[in-house]
Amino acid sequence: MLKLILRRLLGMIPILFIIITLTFFLLRFAPGNPFANEKAFPPKVIQELNKQYGLDKPLYIQYINYISELTKGNLGPSTRYAGKTVSEIIGEHLPTSLLLGLIAYGFALIVGVSIGIISSLRQNSAVDYFSMAVAMLGISVPSFVLGPLLVIVFSLTLFWLPPARWGEPKHLILPALTLSGVYIAYIARLTRSGMLEVLRADYIRTARAKGLAESVVVLRHALRGGIIPVVSFTGPALTFLLAGTIVVEKIFAVPGLGRIFIEAANSRDYFLVMGLTLFVSTVLVVMNLLVDIIIGLLDPRISYK
Amino acid sequence: MNQPVSATVVEEKQLVVGTSLWQDAWRRLKKNKLAVFGAIVLIIIVAASIFVPIFSSYSYDQINLDKSSEPPSLEHWFGTDQLGRDILVRSLIGGRISLMVGVIATAVSFVIGVTYGAISGYFGGYIDELMMRIVDVIYSLPYLFLVIVLLAFFTKSIFMLFFVLGAVSWLTMARIVRGQVLSIKNQEFIEAARAVGVETPMIIFRHVVPNTLGPVIVYTTLTIPSAMLSEAFLSFLGLGVQPPLASWGTMVNEGVEAISVYPWQLIFPGLMMAITLFSLNFLGDGLRDALDPQMRKD
Amino acid sequence: MAKSNSAILSVRNLQTHFYGDGAVVKAVDGVSFDLKLGETLGIVGESGSGKSVTNLSILRLIPYPPGKIVGGEVIFDNKDLMKIPENEIRRIRGKRIAMIFQDPMTSLNPFMKIGAQLMEITQLHEGLNNSQARKKAIEMLELVGIADASRRIDDYSHQFSGGMRQRVMIAMALSCKPELLIADEPTTALDVTIQAQILELIKGLKEKIGTSVILITHDLGIVAGMTDHTGVMYAGKIVEYAPTEELFSNPHHPYTKGLLKSVPDPLIEQKKLFQIPGLPPDLSNLPKGCPFSPRCSSATTQCQEFPPIRQINAEHYSACWLEN
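Residue numbers (this note's numbering), protein chains in the order written: chain S, 7 to 311; chain L, 79 to 376; chain Z, 706 to 1029.
Right, dumping it as structure tokens:
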């Protein structure tokens, strides 16, 4: 197991290298530069700025410099937020996004899995049809529509929660709810279909024939196999969760990494965009590894060789 | 019963199954009320977004500052936006754009995915290994972020959207087609075609690909709503469709800013998008159940 | 052994139907039989004849929907199992009536250790604690002939071969010393050499523990060596029931005769194997009268009417109009 993890971690390096190289040249070949938008600067100042950030050197030198700085753990300076390094900016805004994402996904897991189990046990009942229709609605209503609708209902009509504030725990509720909507829907559907498949299996009949109570049959015998599709989904879901945070942070004025990323992209902040892309890629690759490990723990038939 | 007789019986049976597969699927689809409902709603929305803007007395970019942000009325059913443009017409134009992006991006992903998957699966061996390895690597890219970067740094044109969204959604298609091809290519009728000297590309596209159609159609119908969602998401962030052209994403984005005063500016395009995606998803689910009873997740 | 002649289980006119696509499949359509204490009853039939459904119905293990037990009674220990509440039948399942199934590959939970699956049954029914249950589980595994049981108890089912898995299933089923063991095609999925071992194991443990057994199979050869009585099922009904020896030496129903004829005899070289013509009937659309009549060479116009089950001699019953 340890060997596998080590090998997978080593396998990450070429993938991350490809991502770095791809993004680096993609950005540099795009028209414009970090200071082109700020027309107030005279050409001389721009020249000075380019020199300051090392952008005046030939491209391949810049690339080598970037890589060598990277190996020292230095992600470079930000051009958009002058005077700050990319690492500082990530460190500053990451906790917010992380908190939001974890709460939303945790909530989605609990609610989605519960709905999925109930639906699978009451297959083709009114409860099942209703929850699956709601789940389909959840998949069809994107977060940037759900969020504003929640604001209209809970903030502007019922006055329960503030629309766009950040700082207190209760300010987390609407953003987390918005973010989790789609995942509740997906997880409920995946759990339901996974459970239905497992509940049809012969070993569930065996468990019932032993005289076990239905709750034991479901929770001890069926859930472990039925939940595997949900675990596999967590890898790709994370990509969308990150995208979702961008939207939610925009709607609810949450000072997270998503907004920083959009601003960095729009202002052509080379180092910040690179750093964030690299960071996100690393998170994704690590998460996928984690998912594989969890599936391996859940399903003893999968052997690592 | 002797050998030849029983063999013909089996053949006849398969023949019957073969011809009635599509009819069977059609019958199952018609029985699925939600899918039929989805199809009807979809037809209405498509028809409306094609014809209503043509016959309406308003156009999507006709600015009328005297009528800025008016609530829904008989004159403007969905109200007007901050520049006094008719929200109904803009929502329907948004629908056109959205559906177009969905269909074209899906077509792009279809062509790339089917070709790639068919080649990989048909040749197998090292070629397959290498091609699937590439897919694995691309899979691990945070593609939404790359899309954002691409759109922000290059042009924010609608053609870029077609290309970018198509280019990121072909991966799953390629995997599905490859899997199907792998299971089909060793069946006897392919051997037979090869034995009588049919050329390789001919075998792939004439004999193998048509037999992978079921799952491919299913995945295609589910790609359309997801491409539409991506378009709306990017437009919402200001990276997709650019004004004065309307898209559900941009309209919702504009609506959010005035959410407390003019909520209809957000609600109508938002609901319209939700209803469209809802119908598409139900239809896709129905098609999946109808075309592939084994995949059925009932 | 005073009660040796009394029935431990009486099934009366059991009916289990499946509903789907507007059709009703009468998988079990009026089955009756008695199982005497300590005996082994064989139930033979083609696939789809309703033999498995009959036995799943006894423990009410038919999934609803689509299946439903629509009529009849199953008397066990003076109680009708069809009428007692759910929690009461759960106390019978696994403890007093245990089952083993056809496919040992899929009948064990692949996600749980063998030990946990064995232990939960004695913890549930006998109230054993963890270490007692573990000890018992090892004991049972040794009993069914699994070598190195104290180590293998922590293995998962995929680490066992098919025959070994069926042994584990048997160990599990017999953990609580059930009064009745229902074995549903216990050897069908196994190699021929393993089949004999498993059957011997069941036979031996039956003596040792003193359980009565219902053995479901499509293989007449198994019935011959294992059972005291045999019922032959066709289209959801028992069409013939007799002491096993009598059934083999003096079959009455044309279907039974056909089955017996289609068993190849290795001692006689046969040019062609005998085969009952036609296919088993569609259970949602049964022919009028005797369901076997369209395939029966002795069918007469009388067969348009359903033949009642009648006594041929002391313990021999058959549902056929034929005189002899």
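C-beta: ideal position from N, C-alpha, C; glycine also.
- For arginine 86/S, none of the residues of chain L pass the 7 Å Cβ criterion, the least Cβ distance being about 12 Å.
- With respect to chain Z, the C-beta atom of tyrosine 135/S has no partner C-beta closer than 7 Å.
- DSSP places alanine 803/Z inside the beta strand (DSSP E), whose first and last residues are 802-805.
- Counted as a single uninterrupted DSSP element, the beta strand (DSSP E) harbouring glycine 747/Z occupies residues 745-749.
- Between the region 979-989 of chain Z and the region 939-958 of chain Z there are three or more inter-stretch CB-CB distances shorter than 8 Å, so the stretches are counted as touching.
- The region 763-811 of chain Z contains, as complete alpha helix (DSSP H) runs of 4+ residues, the segments 791-797 (chain order).
- When DSSP states are grouped into helix, strand and coil, serine 737/Z belongs to the strand group.
- One thing to note: valine 254/S has its Cβ no nearer than 7 Å to the Cβ of glycine 232/S.
- Every unbroken stretch of the beta strand (DSSP E) spanning 3 or more residues and falling wholly within the region 930-983 of chain Z is given here in chain order: 934-939, 942-948.
- Sequence-ordered contacts of the region 325-358 of chain L with chain S read Trp326, Gly327, Val330, Asn331, Gly333, Val334, Ile337, Ser338, Pro341, Leu344, Ile345, Pro347, Gly348, Leu349, Met351, Ala352, Ile353, Thr354, Leu355, Phe356, Ser357, Leu358 [C-beta pairs closer than 9 Å].
- Membership of leucine 904/Z in the alpha helix (DSSP H) is indicated by the continuous run 897-914.
- Judged by pairs of C-beta atoms under 8 Å, the region 239-248 of chain S does not touch the region 821-830 of chain Z, as fewer than three such pairs exist.
- In the three-state scheme derived from DSSP, where H, G and I count as helix and E and B as strand, lysine 731/Z is classed as strand.
- According to the DSSP secondary-structure assignment, histidine 1021/Z is paired through a beta bridge with Asn1018/Z.
- The Cβ atoms of valine 130/L and leucine 170/L lie closer than 7 Å to each other.
- Here the region 153-165 of chain S makes contact with the region 329-344 of chain L; the two share three or more CB pairs at distances below 8 Å.
- Short of 8 Å from the beta carbon of phenylalanine 1011/Z, and not among the five residues preceding or following it, lie these beta carbons of its own chain, in chain order: Gly994, Cys995.
- In the three-state DSSP reduction, tyrosine 724/Z falls in the strand class (E or B).
- In the three-state reduction of the DSSP assignment, arginine 717/Z falls in the strand class, which pools E and B.
- Under the three-state reduction of DSSP output, alanine 336/L falls in the coil class, being neither helix nor strand.
- Looking at the DSSP output, isoleucine 234/S bridges to nothing.
- At least 7 Å separates the CB of serine 238/S from every CB of chain L.
- Against chain S, a Cβ distance below 8 Å from threonine 811/Z picks out Ala207, Asp208, Tyr209.
- In this structure, DSSP gives valine 918/Z an extended state, which the three-state scheme calls strand.
- Interface flag for proline 815/Z against chain S is set, since a Cβ pair is found closer than 7 Å.
- Taken through DSSP and simplified to helix, strand or coil, alanine 126/L comes out as helix.
- Distance check between leucine 100/S and each of Glu174/S, Gly200/S, Val286/S places Val286/S closest, using alpha-carbon atoms only.
- Distance check between valine 114/L and each of Arg366/L, Ser357/L, Leu369/L places Ser357/L closest, using alpha-carbon atoms only.
- Between the C-alpha atoms of glutamine 160/L and serine 149/S there is a straight-line separation of about 23 Å.
- The three-state secondary structure of lysine 818/Z, taken from DSSP, is strand.
- Counting C-beta atoms within 10 angstroms of its own C-beta, leucine 108/S has fewer than 16 neighbours from the protein chains shown and is therefore classed as exposed.
- Residues of the region 285-304 of chain S with a C-beta less than 9 Å from any C-beta of chain Z: Leu304, listed in chain order.
- Contact note: leucine 143/S reaches chain L through Phe356, using a C-beta cutoff of 7 Å and chain order.
- Alanine 207/S has its alpha-carbon roughly 32 Å from the corresponding atom of isoleucine 11/S.
- In this structure, leucine 185/S sits away from glycine 97/S, with a CB-CB distance that is not shorter than 7 Å.
- Looking at Met817/Z, Gly963/Z, Pro982/Z, the one whose alpha-carbon comes closest to that of valine 223/S is Met817/Z.
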